[in-house]
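Notes follow the structure.
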Amino acid sequence: RAGGTVMTPAQTKALCDVAHRYGVPVHLDGARIFNAAVALGVDVKDLVRDVDSVTFCLSKGLSAPLGSVLVGSAEFIERARKVRQMVGGGMRQAGVIAAPGIVALQTMVDRLAEDHANARRLAEGLVGVEGLRVDLETVQTNMVRVEIDLPGVTSEAFARRLEEEGVHVLCPDASSIRLVTHRHIGPREVDAALEIFRRVARACAREAVAT
């Protein structure tokens, strides 16, 4: 869970070189591989050139309703199909999933930069909120990790307060929350969320002083 930070093609190649030297195949969990490619300004092919197989998600970032894709050699995919059949993973009439996936790949990749810009807008706004800490260097794609630095306030407690105000976040651990921007979040929604963060942080700070 890198929190939205990206690996360069050179870093991936270095890792693969070591693994391949010892005969170990490398699989890339590329759930948000297109976000990484857009952030680095490279073709997604450059990020997967040295790995043996890769999966990527059609719904995260690309906005398809569901679906993921597994990519590898013909032999690897044939084995994967057999394993899928053995564990009951087959589907019928799957074109209803494939169709929006094709649309996502054709129309949604280029707009990912908007999500990244909105994440940056959100992160920069949170920097000035007392009791919250954000490392802007880690905001490279559409994710923002926020450390909760309020006395006696856990990330779960802070998240509950946010949810009451309509902001949904993930709690990776007891002291931080993770925010993700997507196609339905624009500058207006970011600014509204920032106001809620300020309000909740102030309320938590006042309650801490009172106790």
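So for the sequence shown, the working numbering puts the first residue at 1; every next one is plus one. Don't be surprised by glycine CBs; every beta carbon is placed ideally from N, CA and C.
- Counting other Cβ atoms within 10 Å of its Cβ, G95 stays below 16 and is therefore classed as exposed.
- With 16 or more other Cβ atoms from the protein chains shown falling within 10 Å of its own Cβ, G101 counts as buried.
- Residues H27, G72, F76 of the same chain have their beta carbon placed closer than 6 Å to that of S53, with the five preceding and five following residues left out of the count.
- With contacts defined as CB atoms closer than 7 Å, A117 and V139 fail to qualify as a contacting pair.
- Annotation note: the segment 21 to 97 contains the following uninterrupted beta strand (DSSP E) runs of length 3 or greater, listed N- to C-terminal: 27 to 30, 53 to 57, 68 to 72.
- Around the C-beta of R145, 16 or more other C-beta atoms lie within 10 Å, and the residue is accordingly described as buried.
- Residue burial is scored here from C-beta neighbours: V18 has fewer than 16 other C-beta atoms within 10 angstroms and is therefore classed as exposed.
- With at least 16 other beta carbons inside 10 angstroms of its own, T12 counts as buried.
- For R145, the uninterrupted beta strand (DSSP E) run begins and ends at 143 to 148, by DSSP.
- Inter-segment contact for the segment 163 to 179 and the segment 30 to 38 is absent: fewer than three beta-carbon pairs are separated by less than 8 Å.
- Beta-bridge partners of S176 (DSSP): E147, D173.
- DSSP places R183 outside both helix and strand once states are collapsed to three, so it counts as coil.
- Using a Cβ-Cβ distance cut-off of 8 Å, the segment 143 to 158 and the segment 81 to 99 are not in contact, since fewer than three pairs of beta carbons, one from each stretch, lie closer than that value.
- No Cβ-Cβ contact shorter than 7 Å links A123 with L132.
- Annotation: G186 to S63 spans about 15 Å, alpha carbon to alpha carbon.
- Under the three-state reduction of DSSP, R133 is assigned to strand.
- The Cβ atoms of F56 and V42 do not sit closer than 7 Å to each other.
- Apart from the 5 residues on each side of it in sequence, S59 sits with its Cβ closer than 6 Å to the Cβ of L66 in its chain, given in chain order.
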